[in-house]
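Input: a single structure, listed below in structure tokens.
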Amino acid sequence: MHRKVKGNYVLLENVPAGVCTRCGTRYYSANVLKTIEENLRGRRKASREVVVPVYAWPG
Numbered sequence: 021m022h023r024k025v026k027g028n029y030v031l032l033e034n035v036p037a038g039v040c041t042r043c044g045t046r047y048y049s050a051n052v053l054k055t056i057e058e059n060l061r062g063r064r065k066a067s068r069e070v071v072v073p074v075y076a077w078p079g
């Protein structure tokens, strides 16, 4: 899962989710959503950082 926060992308790995077998929609428990929010607000320290290449579409 990724989100953009204050102009920066944040990558969340191994997020537990349920997936609807009919439509593929992902859903998250309240505890998972709380942890995601804490991560996005910077209340938890990132386990690592990665460099992501950015490519501009030609033209």
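Read the sequence shown against our numbering and you will find it ends at 79, with the numbers running on by one and no gaps.
Glycine is no exception: its CB is placed at the ideal position from the N, C-alpha and C atoms.
At which residues does the beta strand (DSSP E) containing Asn51 begin and terminate? Run containing Asn51: none in the beta strand (DSSP E); it sits in the alpha helix (DSSP H), Ala50 to Leu60.
Quick one: measure Cβ to Cβ for Leu60 and Val35, integer angstroms, because I've assumed they're closer than 8 Å. That pair is no contact at about 12 Å.
Where do the N-terminal and C-terminal ends of the beta strand (DSSP E) with Asn28 fall, by residue? Asn28 to Leu31
Taking C-alpha atoms, which residue in Gly79, Lys65, Ala66 and Arg46 lies nearest to Ala37? Arg46
First and last residue of the beta strand (DSSP E) that includes Val25? His22 to Val25
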